[in-house]
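Going letter by letter, the sequence shown gives residues 1 to 322 in UniProt numbering.
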Amino acid sequence: MLDIRQLQYFVAVAEEEHVGRAAERLHISQSPLSRQIAQLEEKLGLTLFERSLQRIRLTRDGRTFLTETRAFLVHATRLEAMARRLGRGDEGGLCIGYIDNAMHAGVLPDGLRTLRAERPQVHVALYNLHSAEQVEGLRQRSLDIALLCEPPAPDDADLDCALVRSEPMLLALPDAHPLAALAMLAPADLAAQDWILVRHKETALQHDNFIAECARAGFTPRVRMEATEPMTALGLVGAGLGIAMVQQGLRHQAPPGVVLRELPWFSYRTPLWVAWHRINLRPLVADFRAMLLAGASAAVMQEARMTPSMTSSMTPPTTPQR
């Protein structure tokens, strides 16, 4: 194995063509420098210099070796600098798993925007996976971060997690629907309606929890159609085929013909968790996790400040009837 220090000594002697001047440049004495060059030649089995009393010159093989040595040392310097940046979390890659709601809620796009602004050299790979697949990816270390709807078990020995968002639901109505003109909506108003149910592909538990919460609120949805994701449900609502509930993160994505209304008495929420492996040696992963949590916290505070105006914009009855 070549000694990088010996290669650095070789380059200095080759450029100075004088052992004494090279020794002064390297801040070492002349004799140890001569020994290092001799040891390098012996290790290589190659004569690098032609020596005389006045000066020392490269052989033809020495000139070829000098060109390659310079390139090698430049690469070694770059490699060391990259390693230091990786250690600080400034560069490298992130493998992120996510569910659709992480996009709808803006959590993942906002986090990636912050990451790109602060660390533009980081390479990001995104994987749209079910929560169970993401958990397995974290265990296998094929994912660095997971954004999922169900957290790992509290006593999980390998994984840790934090709640990022807990979004309330909004009622989606066709703009011509009679309920869209009411100032306030009660559970009884929703009982006799045709519903488009969003049956999440993630887990049947979400569906069961939603139906149970509807029953606790005082109504049972009369399901006429089902959709596997909320944007499809909104499209069906816009076509006048029924009403639906979607998470608040979709309030800016409703298609024409759809009115979104808040239901303060409906307590069901859509959770979004961030999970990671407990054993992590890369600061970048912890830093991005902190970005997600900070961004989500800021978004919640902003939504709280905007609540009055947002409520009025989503409740546009013409003539109150109740």
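Beta carbons: idealized from backbone N, C-alpha and C, even for Gly.
Taking 8 Å as the cut-off, the Cβ atoms of A172 and V246 count as close. Between the stretch 227-234 and the stretch 185-198 there are three or more inter-stretch CB-CB distances shorter than 8 Å, so the stretches are counted as touching.
Below 8 Å, enough C-beta pairs join the stretch 167-183 and the stretch 238-257 to call them touching: three or more. Around the beta carbon of V74, fewer than 16 other beta carbons sit within 10 angstroms, so the residue counts as exposed. In the DSSP assignment, F49 forms a beta bridge with L58. Taken through DSSP and simplified to helix, strand or coil, D208 comes out as helix. In this structure, DSSP gives C149 a state outside helix and strand, which the three-state scheme calls coil. Contact between the stretch 138-157 and the stretch 262-278 is present: three or more C-beta pairs spanning the two stretches fall below 8 Å. Under the three-pair Cβ rule at 8 Å, the stretch 105-120 counts as touching the stretch 283-292. Annotation for G97: Y127, L129, Q134, G137, L143 and A146 place their beta carbon closer than 6 Å to its own, counting only its chain and skipping 5 residues before and after. The Cβ-Cβ distance between D160 and G295 does not fall below 8 Å. Look at the stretch 216-294 and you find these whole runs of beta strand (DSSP E), each 3 residues long or longer: 222-227, 244-247, 258-262 and 269-277.
Taking L44 as reference, the option from T69, G20, H27 and L26 with the minimal CA-CA separation is T69.
Annotation: L163 is outside any alpha helix (DSSP H); the continuous beta strand (DSSP E) that includes it extends over L159 to P174.
In the DSSP annotation of this structure, the continuous segment of the alpha helix (DSSP H) that includes V19 starts and ends at V19 to L26.
Taken atom to atom, the span from the alpha-carbon of R25 to that of V19 is near 10 Å. A distance of 8 Å or more separates the beta carbons of A102 and L293.
Between L250 and the set L48, M184 and E167, the nearest pair of CA atoms involves E167. For C214, same chain residues with a beta-carbon under 7 Å away, outside a window of 5 residues either side, are T220 and P221 in chain order. In the three-state reduction of the DSSP assignment, L179 falls in the helix class.
In this structure, DSSP gives I96 an extended state, which the three-state scheme calls strand. Of L163, T64, A157 and P32, the smallest CA-CA separation from R269 is found for L163. Between L148 and I99 the beta-carbon gap is near 6 Å, inside 8 Å, which marks them as a contact.
If you ignore the 5 residues before and after T47, its C-beta comes within less than 8 Å of the C-beta of E41, T59, D61 and G62, all in its own chain and listed in chain order. L263 sits close to L185, with the two beta carbons spaced by under 8 Å.
If you check the CB distance, T114 and M291 come in under 8 Å. Beyond the five residues adjoining it in sequence on each side, A14 comes within less than 6 Å, by CB distance, of L58 and L66 in the same chain, given in chain order. Between the C-alpha atoms of R282 and G93 there is a straight-line separation of about 10 Å.
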